[in-house]
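Q: In order, the protein sequences belong to chains A, B, C and D.
Counted the way my numbering counts, the first sequence spans residues 1 to 350.
Counted the way my numbering counts, the second sequence spans residues 351 to 700.
Counted the way my numbering counts, the third sequence spans residues 701 to 1307.
Counted the way my numbering counts, the fourth sequence spans residues 1308 to 1914.
Glycine included, C-beta positions come from ideal geometry on N, C-alpha and C.
Before we start, here is the structure in question, set down as structure tokens.
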Amino acid sequence: MVESTLKQDAKAPNTNRIGLTLGDYKGSPSTLCDGCGHDAITSQIIKACYELAVEPHKVAKLSGIGCSSKTPAYFLSRAHGFNAVHGRMPSIATGVSMANKDLTLLAVSGDGDTASIGLGQFCHLVRRNVPMIYVIENNGVYGLTKGQFSATADIGSKLKTGVSNELPPIDICSLAVEMGCGFVGRSFAGDPKQLVALLKAAMSHKGTAILDVVSPCVTFNNHEGSTKSYKYAKEHEMPIHEIGYIPFYEQIAVDYEPGSAVEVKMHDGSHIVLRKAAKDYDPRNKLAAIDTIHKAIAEHQFLTGLLYIDEKKPDFTTIMQLDDQPLASLGQDKLRPGKDALSAIMAELK
Amino acid sequence: MVESTLKQDAKAPNTNRIGLTLGDYKGSPSTLCDGCGHDAITSQIIKACYELAVEPHKVAKLSGIGCSSKTPAYFLSRAHGFNAVHGRMPSIATGVSMANKDLTLLAVSGDGDTASIGLGQFCHLVRRNVPMIYVIENNGVYGLTKGQFSATADIGSKLKTGVSNELPPIDICSLAVEMGCGFVGRSFAGDPKQLVALLKAAMSHKGTAILDVVSPCVTFNNHEGSTKSYKYAKEHEMPIHEIGYIPFYEQIAVDYEPGSAVEVKMHDGSHIVLRKAAKDYDPRNKLAAIDTIHKAIAEHQFLTGLLYIDEKKPDFTTIMQLDDQPLASLGQDKLRPGKDALSAIMAELK
Amino acid sequence: MKTLASETSSKVEQGRIVNNFSIHVATINGSGSQSSNNVLMRSLFQMGIPVSGKNLFPSNIAGLPTWFTIRVNKDGWIARKKEVDILVAMNPQTAYEDVMSLPSGAVCISPTELNLEKARQDVIHYVVPFTELANQATDQIKLRKLLTNMIYVGVVAELLGIDFAEIEKSIRRQFEGKAKAIDLNLVAVDAGRKWAKESAAKKDPYYVERMNKTEGKIIIDGNAACAIGSMFAGVSVITWYPITPSSSLCEQLIDYLHEYRRDEANGKATYAVIQAEDELAAIGMALGAGWAGARSMTSTSGPGISLMAEFVGLGYFAEIPTVIFDVQRVGPSTGMPTRTMQGDILSAYLLSHGDTKHIALLPGSVEECYSQALDAFNLAERFQTPVFVLSDLDLGMNNWMSDPFPYPEKPMDRGKVLNAQELEKLGKFERYRDVDGDGIPYRTLPGTNSPIAGYFTRGSGHNEAAAYTERADDYLRLMDRLNRKYQTARKYVPKPVIETQAGAKVGIIAYGSSDFAVQESRAQLNAEGLATDYLRLRAIPFTEELRDFVEKHDRIYVVEQNRDAQMRDLIRLEMPDLAMKLQSVLHYDGLPIDARSVTDAILSQEK
Amino acid sequence: MKTLASETSSKVEQGRIVNNFSIHVATINGSGSQSSNNVLMRSLFQMGIPVSGKNLFPSNIAGLPTWFTIRVNKDGWIARKKEVDILVAMNPQTAYEDVMSLPSGAVCISPTELNLEKARQDVIHYVVPFTELANQATDQIKLRKLLTNMIYVGVVAELLGIDFAEIEKSIRRQFEGKAKAIDLNLVAVDAGRKWAKESAAKKDPYYVERMNKTEGKIIIDGNAACAIGSMFAGVSVITWYPITPSSSLCEQLIDYLHEYRRDEANGKATYAVIQAEDELAAIGMALGAGWAGARSMTSTSGPGISLMAEFVGLGYFAEIPTVIFDVQRVGPSTGMPTRTMQGDILSAYLLSHGDTKHIALLPGSVEECYSQALDAFNLAERFQTPVFVLSDLDLGMNNWMSDPFPYPEKPMDRGKVLNAQELEKLGKFERYRDVDGDGIPYRTLPGTNSPIAGYFTRGSGHNEAAAYTERADDYLRLMDRLNRKYQTARKYVPKPVIETQAGAKVGIIAYGSSDFAVQESRAQLNAEGLATDYLRLRAIPFTEELRDFVEKHDRIYVVEQNRDAQMRDLIRLEMPDLAMKLQSVLHYDGLPIDARSVTDAILSQEK
Ligand SMILES: Cc1ncc(C[n+]2csc(CCOP(=O)(O)OP(=O)(O)O)c2C)c(N)n1
Ligand SMILES: Cc1ncc(C[n+]2csc(CCOP(=O)(O)OP(=O)(O)O)c2C)c(N)n1
Ligand code: SF4
Ligand code: SF4
Ligand SMILES: [Mg+2]
Ligand SMILES: [Mg+2]
């Protein structure tokens, strides 16, 4: 103990606004395959939380089942985490959100977890607009069960075994837009800059923020013929704009070129600045979003960036008119009505 | 017995091309509430089948659970019917389709059955493009459990109890289009002409044909404040075009005015003729379909008619490259490989 | 007939049978007869006579046969009575069969046009010109059908001698605030009354007389009682998916919460009720909320229980509190959704794959629906596990008399939860360590401001520190501790209620809604010379009293409402050495169990 | 130590232990050790020595500890051996613990850099410079790790005396068609062989010698056997959702079907395999297909079984055939997905709410995986109901020796299906009428060209004519008939296998993958002077042989792989009068059961 304190003094690590080091945002070591896209995303989640100076104990990490769903164990070990059952994390998240609206819900799922078994819960979560960050680590396969196709696998893509997929992919982003999601973004595990910016933006959104992150499975889907391999993704990625994020508490130096910009005010008072890339893209236009996504799909391209945003939609805790104090922290005085209440009820039944 | 034969001779009822009367397409008497929209749809299903001279024994009727899902008992009593569990009829349908691809699958579901509990299966069914007619009798409530909101209830609509719905509705049609459905139509239980035409068109489509039929619940959702009441629906219905249907076997006299037309060739060789209404609407344009539907929703209008069609998408029996004979009718000779096959397999394992 | 012995004996009392009969009203559902039946039942209740009302309704909204059966019994036996004494045959679809199934000497009140007189000569008929009376009562054609129902109330009331002041009072209560409806219904009752007075000579022996046995009592259904119990238990996250017969539990809870747990000024609520998209989501939300520290619950029936199987296993294994109300209906599958049964005992107890077993409470009255709802939330948090409350349609949806519910004495037991201060003192926290030797570990809630509070919850193998493990020894320790925890629960669950009689060698075991029929049956058995002791189970796992009871008796009859003798089997497994003592009385036709069936079944086995 | 008696006795044979030991290879998963282990195992097999190989792998794709354990046994005992005789400690993460858990006198082969020699002095060490050898074998750095695994094969082979021709043969088989890989692997094996020959003086007693006990035999895993059985059973609609350890059943089935049930010319198939979106959909599709007349199946594991609960109740109640393979893994919840258990006995048997009970088959070998797959489809169609086949991870995913499977003798039994001609002859059809008194009604298939063929299938109450009903009498008749049907099944399911010994007063009952361990245990018990009889269950419901067996013995041990003695309980319920005879031997740590544990548990209870 004495030694470690000494060491800390000797070479004090950088800390963020609330005095925590990057290490304080880490979790246990990853047991995923070397080079798995999911690990890259984990790093960016750690970075985003560190830079935003998120208080770890105020975060609840949620996931389903899959390689991707294991990752919450690999970041924010100080936060509570809940690795639920396959495909049904959205319902767990909804319950957590109701019980404690002050928590930041940070969820990680896979494409199988979300788009196959979990599709119904996913859609209903989005419809309710439960406030949370929902990251889909999308590799087009079931990693953990050794490489079967998920519902986001592209038509014609081939498994290592030679089996090829004959069904059209579900595009999580356009589906989310269709379901009325107020924050829809896409990124790529190999693009840390964009990813961390989108993560930060998502954390400021009050409502369900969907982030579909293409995350190659090096073991089962990283070969020719697969459109979700690193090679394919790097070649076909098509960023539509960049995001500079200005958090509420401190200004962050943005290191990319300024350009023509759309400024979006977030619920917590912070701002997202969207810079237009070559294309003129307005993420507040729902139909354009769907159109652009569909066209990109038709051209076998990933459309990345903040694809759609609508800050007006009330989130579920607002709709539910919850008490100011989290329900989980209410005591008997607030939870159990008085004797007069019971008497009144009994009187009515006489 | 003798008597009834005599009666038949005395006043021979009309018959269709295969010699069946309208009565032959009926089922047991309905036990729904008087005036329920679902009964009106039942009548049109009977009519469409009669007029198309569908062979009843080649139909499999399928449903989930709900007032709507009871209706397959009220038509085509000669056909086999399967009233499954709540929300999971799509999987039953998929299995039936694989087992016997020669059957015409005629399914009826409710909005609760499809859009609440059944949303996941619905989306995956559409994705697979299982060939079937899928009618949603949409009343915005759970009729059978006495009037709770379903996921298609409009924001702000009110139950008799005074409880009001705060969540946005799921639009089954635009969701179906988003999921890649090749036939998406909407109608109204009180519009027999349009409904029967759409039903006939759906029966000629090779793939999943989704028909969302607004079907007022007279008992629980037919009051002021509800947007799915008869009154509301009649006032706000907005037909975008009319459909004349020319079946493969016989010409049917169309009794409405001709206009500028888009002719769509169906898989079985029959044609649908779409007449443009005031608006210039092309049901083959996916984005336009989504756009038009969304705009109508924003204006609180029902967009009825054939909203989207794409005949190119291969249906699931085609994708699966099924034997020419239905799997269910294959005998041991085709199902059990010979002794040599087993020997070969055993040899490989030695 | 021997089985009618006790009824026959009361008949002979001066030819008058007072406050002891059943009325069976056959109508068409959706025809508005429910208000009439309620009025009839409440009027009797207000006269101080013990009464119960059971709705035998179809799984349908309108147009199918429905029956309402009222039991009037001066001794307080309020289970369903097997024999119908007075039939009101309003439904042409079933009238013939209804009248044919009457015992000889029963009463049949029916509309003229049904011509039921011819069908049974051994029955006392009152043939009422309902259509004519309705036509006279109103000229609004639409209302006539509805009014017919109130007319039979007038007829029945006059024949039995029900106080019309009480009828009026209950009509005013039923239609509170709707002056027009009150007037019209009073007119209808009066039409019936007049007709009966003027045109019907009293031919039957049934009468009512004022008593004082209902004073201070309430009438309530079990679902409302569960709802009230849950609210006073402090539930704050309620998730549900509509399903008969459980829907009215949450629907009534919503009303109560709206009234008592909401700030009227700003509309803010100390609860959240979520209508989920299905039962998988409902239980997921309840578990999420329980994990995050809220008292959570869901309510469902058979099909919902099946859909919850996977998640409930997670709750067991990852140790997450929540309360699941299962208002049982007739299975398997969709079964008969509007009929009653105790068919989910084994499925709930064992719910989920692998070695799982759950705590389940077994309310036997509306009062226990209330008190066990309170217990359930305490047990769920104490044992950090899903707790079932196994009610059923008969208990949940039918009207029962009860003493008013007492205000909870015990404060909420939130179980072993460590807060930030406690964690700091301890300096160390392991989520799944059995610190106290009772199998129950300590937990922390998300949001706890301490660097050591966080842990990772998972449905996969985990060790004491909540870390992932696949080690054989870790797994064994975990499973054995879960078993230890389950054994600890035996000391916390409600104990059985035992009633004894001098010299009884036969014991009866029952649970849930069978209680009333069993109590009555014991009186019948006594009359037949058979003394019995009675143990009413109130929870799984069983407590030590059960073995004592079985040991002490020569023969035990386990009375239950399912085909497969589910509870009998569980008891046999609990005490294999005594297994052969345990026999079954099974009632599983979907109708509420009645005393006569129990008595006959026991007597036939005792011979 | 007493428990080592039998092994010790073989040790003393001239200091040489021939064809009787276990090899335990510890590596990191995803490091390519699986081919090496297969090569090792097959080489032994090709030498005619009985052998089995078990993979103890993590629920993870790469980087976590994994073990492969090979049992070599001249007497044909191929269950897992509890004690490790030869450890190949390649995994630094677990090496210390691995070596510490060796019995005294065991062998440890390990890489130089792990320094294991110091940890245990009472163990025979072979310290191998693997890195050096790998560096010499190839200059492709990427390949070195992979090759290391083949180097240990060479070392082990040389030490034990495995014929290198057989090693080469199995390498050629393993890497068929990949000439480069074959060459490289041969080089690696040779490097290991050479090193062992030149630098390792044989210090241990373990040897292999050619035998003729595997001639004509095959090596196969249970999932492949189920797949082959299903194909020859004529399955045509297969639905599944990936889940360990069941995935490989459908994946191998896909391969076989592709080869043998597809028209090569036009690609048309006599089957459809659907990867569903989840298990609810998988069972729904299977039921839809079964209803429409196809032989259908699905395959899953614990969590999937839970998700199928609602639909399986529909299958029971509406009487729809399908086959459900449950390759059991460790529960509850996600549990340990890559460990083995027999934990779903009760959940499968009782699956769904209400009074349900199902037919379940219990394959005890890979051969029975094949034959019971054939049986299951016949039973499902004969009884018009879902039939479970309860395999487990040990049986399903591990390699077992077996005689080749015989071609099915019996033709497919499609059960009571009426076609159009038969219907015409009958003139009348009622779907749920018990015409034959065996509880099994007749059905028709959709598409049958007859005006009376159609009927309406529902999960709600129905009468003989398949019409909706809520009548109490209809319901009772239906439920009692379903029960009668279930009783009929007792005469159709596979009978238990019984093995007796003269004078045995103790009986053992087991089922499934416990068979091999129990057989070996009986030999051990014999050696300890305890004669036993043995009944191996092969199906639920039980057949009459079971009661006979229990009656005949003083004490019965039910050996099973779960915590809660699930099968023992079912047997107790079957014969409450004999309940106290039934005791338990439970093994539930997730590792395949071994003979020694069974023997010790029985002996300790016999004392
Ligand atoms: C109910 C259930 N069915 C199946 C499984 C097996 N299973 C575990 S992970 C997984 C798929 C995961 O795929 P995805 O969500 O895409 O995650 P990835 O591993 O690709 O990151 C499956 C099918 C399970 N755990 N539970
Ligand atoms: C698993 C399950 N949960 C709940 C129910 C109860 N239930 C029966 S019908 C129904 C809703 C039906 O609504 P919808 O599909 O819209 O049909 P409608 O009655 O309005 O025509 C529900 C919730 C059920 N049968 N099964
Ligand atoms: S299998 Fe694929 S998704 Fe899973 S850890 Fe490995 S690379 Fe990642
Ligand atoms: S309740 Fe509504 S949906 Fe159901 S039958 Fe009546 S009108 Fe139709
Ligand atoms: Mg994936
Ligand atoms: Mg509806």
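Unbroken alpha helix (DSSP H) runs of length 4 or more, entirely within the stretch 371–427 of chain B: which are they?
A: 387–402 and 417–420
Q: Measure from the alpha carbon of valine 1193(C) to the alpha carbon of each residue in Asn1163(C), Ala1165(C) and Pro1241(C), then state which is nearest.
A: The residue given as residue 1193(C) occupies position 493 in the third sequence. Answer by Cα proximity: Pro1241(C).
Q: I want to verify the contact list: residues of chain A whose CB lies under 8 Å from the CB of glycine 1339(D), in sequence order.
A: Residue mapping note: residue 1339(D) aligns to position 32 of the fourth sequence, counting from 1. None at all; the shortest Cβ gap to chain A is about 12 Å.
Q: Using the Cα positions of threonine 1732(D) and glutamate 1688(D), report the straight-line distance between them to the nearest angstrom.
A: Numbered from 1 along the fourth sequence, position 425 holds the residue referred to as residue 1732(D). Numbered from 1 along the fourth sequence, position 381 holds the residue referred to as residue 1688(D). For the record, residue 1732(D) in the displayed sequence is lysine; it is not threonine. Using only the alpha carbons, I get a separation of about 23 Å.
Q: Does the beta carbon of leucine 1880(D) come closer than 7 Å to any beta carbon on chain A?
A: The count along the fourth sequence starts at 1 and reaches residue 1880(D) at position 573. Leucine 1880(D) does not count as touching chain A.
Q: Examine ligand 4 and report whether any of its heavy atoms sits within less than 6 Å of the Cβ of valine 568(B).
A: Looking up residue 568(B) in the second sequence gives position 218. At least one heavy atom of ligand 4 is nearer than 6 Å to the Cβ of valine 568(B), so yes.
Q: Spatial neighbours of arginine 1427(D) within its chain, please: C-beta separation below 8 Å, excluding the five flanking residues on both sides.
A: The residue given as residue 1427(D) occupies position 120 in the fourth sequence. Result list for arginine 1427(D): Val1406, Met1407, Leu1409 and Cys1415, in chain order.
Q: Comparing C-alpha positions only, which one of Asn1833(D), Met1887(D) and Met1882(D) sits nearest to alanine 1902(D)?
A: Looking up residue 1902(D) in the fourth sequence gives position 595. The candidate whose alpha carbon is nearest that of alanine 1902(D) is Asn1833(D).
Q: Around the C-beta of methionine 696(B), are 16 or more other C-beta atoms found within 10 angstroms, so that it is buried, or is it exposed?
A: One-based indexing of the second sequence puts residue 696(B) at position 346. That one is buried.
Q: Start and end of the alpha helix (DSSP H) containing tryptophan 1100(C)?
A: Sequence index remark: in the third sequence, residue 1100(C) carries index 400 (1-based). Run containing tryptophan 1100(C): none in the alpha helix (DSSP H); it sits in the beta strand (DSSP E), 1099–1102.
Q: Per DSSP, which residues does glutamate 1867(D) bridge with? Please list them.
A: Here residue 1867(D) refers to the residue found at position 560 when the fourth sequence is read from its first residue. Answer is Leu1893(D).
Q: Pull up the CB-CB distance for threonine 1629(D) and leucine 1594(D), whole angstroms please, since I reckon it's below 8 Å.
A: For the purposes of this step, residue 1629(D) is taken as residue 322 along the fourth sequence, with counting starting at 1. For the purposes of this step, residue 1594(D) is taken as residue 287 along the fourth sequence, with counting starting at 1. Correct: roughly 6 Å between the Cβ atoms.
Q: Which same chain residues, not among the five before or five after serine 1221(C), have their C-beta less than 6 Å away from its C-beta?
A: Residue mapping note: residue 1221(C) aligns to position 521 of the third sequence, counting from 1. Closer than 6 Å at the Cβ level, and outside the excluded window around serine 1221(C), lie Ala1295, Val1298 and Thr1299.
Q: For a contact meaning CB atoms closer than 9 Å, what does arginine 536(B) contact in chain A?
A: By one-based count along the second sequence, residue 536(B) stands at place 186. By Cβ distance, chain A contributes nothing, its closest Cβ being about 16 Å from arginine 536(B), past 9 Å.
Q: Find out if the Cβ-Cβ distance for the pair histidine 38(A), glutamate 137(A) is shorter than 7 Å.
A: For the purposes of this step, residue 38(A) is taken as residue 38 along the first sequence, with counting starting at 1. For the purposes of this step, residue 137(A) is taken as residue 137 along the first sequence, with counting starting at 1. For histidine 38(A) and glutamate 137(A), yes; Cβs fall inside 7 Å.
Q: Could you give the residue range of the alpha helix (DSSP H) that holds isoleucine 359(A)?
A: Not covered by the structure: residue 359(A). The range shown for chain A is 1 to 350.
Q: Mind pulling the chain B residues with CB within less than 9 Å of methionine 1643(D)?
A: Here residue 1643(D) refers to the residue found at position 336 when the fourth sequence is read from its first residue. Chain B residues near methionine 1643(D): none, gap ~28 Å exceeds 9 Å.
Q: Is the beta carbon of valine 1030(C) less than 7 Å from the beta carbon of glycine 1096(C)?
A: Here residue 1030(C) refers to the residue found at position 330 when the third sequence is read from its first residue. Here residue 1096(C) refers to the residue found at position 396 when the third sequence is read from its first residue. Contact flag unset, no.
Q: Should threonine 352(A) go down as buried or exposed, given a rule of 16 or more other Cβ atoms within 10 Å for buried?
A: This structure cannot settle anything about residue 352(A), because the visible part of chain A is limited to 1 through 350.
Q: Mind the definition here: the stretch 477–494 of chain B touches the stretch 659–675 of chain B only if three or more C-beta pairs lie below 8 Å; say whether that holds.
A: yes
Q: Give me the chain E residues within the contact set of leucine 1752(D), using Cβ-Cβ distance strictly less than 7 Å, ordered along the chain.
A: Chain labels in this structure do not include chain E; the protein chains are A, B, C and D.
Q: In angstroms with no decimal places, state the Cα-to-Cα distance between threonine 812(C) and glutamate 832(C).
A: Residue numbering aside, residue 812(C) sits at position 112 when the third sequence is read from its first letter. Residue numbering aside, residue 832(C) sits at position 132 when the third sequence is read from its first letter. Roughly 10 Å between the two C-alpha positions.
Q: Can you say whether proline 216(A) is buried or exposed, counting buried as having 16 or more other CB atoms within 10 angstroms of its CB?
A: Indexing the first sequence from 1 puts residue 216(A) at position 216. It is buried - the Cβ of proline 216(A) has at least 16 other Cβ atoms within 10 Å.
Q: Please list, in chain order, the residues of the stretch 394–421 of chain B that have any C-beta partner in chain C closer than 8 Å.
A: Ile415 and Cys417
Q: Whose CA, out of Gly748(C), Asn1183(C), Ala896(C) and Ser722(C), lies closest to the CA of isoleucine 918(C)?
A: For the purposes of this step, residue 918(C) is taken as the residue at position 218 of the third sequence. Out of Gly748(C), Asn1183(C), Ala896(C) and Ser722(C), Gly748(C) has the C-alpha closest to the C-alpha of isoleucine 918(C).
Q: Using a Cβ-Cβ cut-off of 6 Å (strictly less than) and excluding sequence neighbours within five positions of valine 1430(D), which residues of its own chain qualify?
A: Numbered from 1 along the fourth sequence, position 123 holds the residue referred to as residue 1430(D). Leu1409, Ala1413 and Cys1415, listed in sequence order.
Q: Going along chain D, which residues have a C-beta under 8 Å from alanine 151(A)?
A: Residue mapping note: residue 151(A) aligns to position 151 of the first sequence, counting from 1. The answer, in chain order, is Glu1584.
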